[in-house]
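Residue numbers (the working numbering): 8 to 298.
Quick reminder that beta carbons are idealized off the backbone N, C-alpha and C, glycines included.
A quick note: this is a predicted structure, and the numbers were derived from the prediction, not measured.
Written out below as structure tokens is the structure these notes cover.
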């Protein structure tokens, strides 16, 4: 009799569990569309050109170190090794989209090596997120999806959003870590954000000075699609930490981006002193923060 009761109890519990909703962490609402980026987003960490340029970067330069890369828009990269590990030989489909981080929690590991000052700038970047948004970076324990922060001689770069598994954020020492602004920028990519100057409506706000751009870097100024990228109701933001400098990818030292609207914000293009108010609003909107 006791055995029969245990069987009925087990069957009852099984029916209850089966009736519970399945938690789908990768829902369409959390998807970030990468389809417009195509093959250009894939590549290998580049030490021969990007690493050398970033290593030689002058602290006083008006350009930011993440603008020196040979990657998509300078600093967006999904290593080919990542795609090969997860695609079973297929070139298409698996990375047409990435996702937001569940509950706005981003597990991380720090591989380095970094100096004490550089670690301080990474932690300062984390603190800015923790103070102004609901996003939380937490040391990884056994989470499957996480970012790994390294210092390889391949520049400053990140992928876009949560890809799944281990994904890299590279901050080449020392020039990607002179301040905490570049870590904030690369971590915003990892959260799912693109560059401000590539917004679909940017021609109303900046003029692209094509004659001053390195010919092989023109693709970095292509506009995004309104279909695939959202600004969450935030107006174009010259002061965004995701906006490139006015001389990004210049071939002659002359401006490549010219602000079309006067004002103090226009003079802040390319700033890496921290979030703009618009950056904070976008992050809190994407991650549904009750701030």
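**Strand pairing of residue 175, partner residues [DSSP]** = Working through the chain shown from its first residue, we reach residue 175 at position 168. DSSP output for residue 175 lists 155 as bridge partner(s).
**Request:** Quick one: grab the DSSP three-state call for residue 165.
**Result:** As a working note, residue 165 is residue 158 in the chain shown. Reduced to three states, the DSSP call for residue 165 is strand.
**Request:** Note down the Cα distance separating residue 92 from residue 86, rounded to an integer number of angstroms.
**Result:** Sequence index remark: in the chain shown, residue 92 carries index 85 (1-based). Sequence index remark: in the chain shown, residue 86 carries index 79 (1-based). Each residue's alpha carbon lies about 10 Å from the other.
**Asked** DSSP three-state call for residue 242: helix, strand or coil?
**Response** The residue labelled residue 242 in the question sits at position 235 within the chain shown. In this structure, residue 242 counts as coil in the three-state DSSP scheme.
**Sequence-distant residues of its chain with Cβ nearer than 7 Å to residue 287 (five each side left out)** = Sequence index remark: in the chain shown, residue 287 carries index 280 (1-based). Closer than 7 Å at the Cβ level, and outside the excluded window around residue 287, lie 139, 140.
**Message:** For the alpha helix (DSSP H) containing residue 44, name the first residue and the last one.
**Reply:** Here the question's residue 44 lines up with position 37 in the chain shown. That residue, residue 44, is in no alpha helix (DSSP H); it is neither H nor E in DSSP.
**Item:** Helix, strand or coil at residue 185 [DSSP, three-state]
**Value:** To locate residue 185, count along the chain shown from 1; it is residue 178. Coil, per DSSP.
**Prompt:** What are the partner residues of residue 144, as DSSP defines its beta bridges?
**Reply:** By 1-based counting over the chain shown, the position of residue 144 is 137. According to DSSP, which records beta bridges pairwise, residue 144 is partnered with 113.
**Prompt:** With contact counted as at least three CB pairs below 8 Å, one residue from each stretch, are the region 250-264 and the region 203-215 in contact?
**Reply:** yes
**Request:** State buried or exposed for residue 280, treating a residue as buried only when at least 16 other CB atoms are found within 10 Å of its CB.
**Result:** Locating residue 280 in the chain shown gives position 273, where the first residue counts as 1. Exposed: under 16 other Cβ atoms inside 10 Å.
**Request:** Could you tell me the distance, in whole angstroms, from the CA atom of residue 111 to the CA atom of residue 283?
**Result:** Within the chain shown, numbered from 1, the residue matching residue 111 stands at position 104. Within the chain shown, numbered from 1, the residue matching residue 283 stands at position 276. Their backbone Cα atoms lie some 20 Å apart in a straight line.
**Message:** Counting C-beta neighbours from all protein chains within 10 Å, is the total for residue 97 16 or more, i.e. buried, or is it exposed?
**Reply:** By one-based count along the chain shown, residue 97 stands at place 90. Caution applies to residue 97, whose pLDDT of 38 falls short of 50 and renders its modelled position unreliable; the value that the coordinates give is listed next. Counting Cβ neighbours within 10 Å, residue 97 comes out exposed, since fewer than 16 surround it.
**Prompt:** For residue 271, which of helix, strand or coil comes out of DSSP?
**Reply:** Within the chain shown, the letter at position 264 stands for residue 271. Helix.
**Message:** Considering only their Cβ atoms, is the gap separating residue 170 from residue 156 smaller than 8 Å?
**Reply:** Here residue 156 is taken as the residue at index 149 of the chain shown, counted from 1. Here residue 170 is taken as the residue at index 163 of the chain shown, counted from 1. Cβ distance not < 8 Å, so residue 156 and residue 170 don't count as in contact.
**Request:** In angstroms with no decimal places, state the Cα-to-Cα distance between residue 136 and residue 195.
**Result:** Along the chain shown, one-based indexing puts residue 136 at 129. Along the chain shown, one-based indexing puts residue 195 at 188. If I take the Cα positions, the gap works out to 10 Å.
**Asked** Do you know whose CA, among 296, 244, 113, lies nearest residue 275's CA?
**Response** One-based indexing of the chain shown puts residue 275 at position 268. Of the listed residues, the one whose Cα sits closest to residue 275 is 244.
**Asked** Since residue 255 and residue 74 are thought to touch, with beta carbons under 8 Å apart, how far apart are those beta carbons, to the nearest angstrom?
**Response** Residue numbering aside, residue 255 sits at position 248 when the chain shown is read from its first letter. Residue numbering aside, residue 74 sits at position 67 when the chain shown is read from its first letter. 4 Å between Cβ atoms; contact.
**Request:** Tell me, to the nearest whole angstrom, how far the beta carbon of residue 250 is from that of residue 187; I am working on the premise that it is less than 8 Å.
**Result:** One-based indexing of the chain shown puts residue 250 at position 243. One-based indexing of the chain shown puts residue 187 at position 180. So it is not a contact: roughly 17 Å between Cβ atoms.
**Asked** Can you tell me the Cα-Cα spacing of residue 176 and residue 270, whole angstroms?
**Response** Taking the chain shown and counting its residues from 1, one reaches residue 176 at position 169. Taking the chain shown and counting its residues from 1, one reaches residue 270 at position 263. Roughly 34 Å separates the two Cα atoms.
**Residue closest to residue 253, alpha-carbon to alpha-carbon, out of 191, 217, 164** = The residue labelled residue 253 in the question sits at position 246 within the chain shown. Comparing Cα-Cα distances from residue 253 to each of 191, 217, 164, the minimum goes to 217.
**Three-state secondary structure (DSSP) of residue 28** = Your numbering for residue 28 matches position 21 in the chain shown. Confidence is the limiting factor: at residue 28 the pLDDT is only 30, short of 50, which leaves the residue's position unreliable, though a coordinate-based value still follows. Correct three-state label for residue 28: coil.
**Prompt:** Straight-line CA distance for residue 145 to residue 241?
**Reply:** By one-based count along the chain shown, residue 145 stands at place 138. By one-based count along the chain shown, residue 241 stands at place 234. C-alpha separation (whole angstroms): 28 Å.
**Asked** DSSP three-state call for residue 78: helix, strand or coil?
**Response** Numbered from its first residue, the chain shown carries residue 78 at position 71. Reduced to three states, the DSSP call for residue 78 is strand.
**Three-state secondary structure (DSSP) of residue 297** = As a first step, residue 297 must be located in the chain shown, where it is residue number 290. Residue 297: coil per DSSP, three-state reduction.
**Request:** Quick one: measure Cβ to Cβ for residue 58 and residue 162, integer angstroms, because I've assumed they're closer than 8 Å.
**Result:** Here residue 58 refers to the residue found at position 51 of the chain shown. Here residue 162 refers to the residue found at position 155 of the chain shown. Yes, residue 58 and residue 162 are in contact; Cβ-Cβ is about 6 Å, under 8 Å.
**Asked** Using the C-alpha atoms, what's the distance from residue 212 back to residue 268?
**Response** For this step, residue 268 is matched to residue 261 along the chain shown. For this step, residue 212 is matched to residue 205 along the chain shown. Going by the C-alpha atoms only, they are around 6 Å apart.
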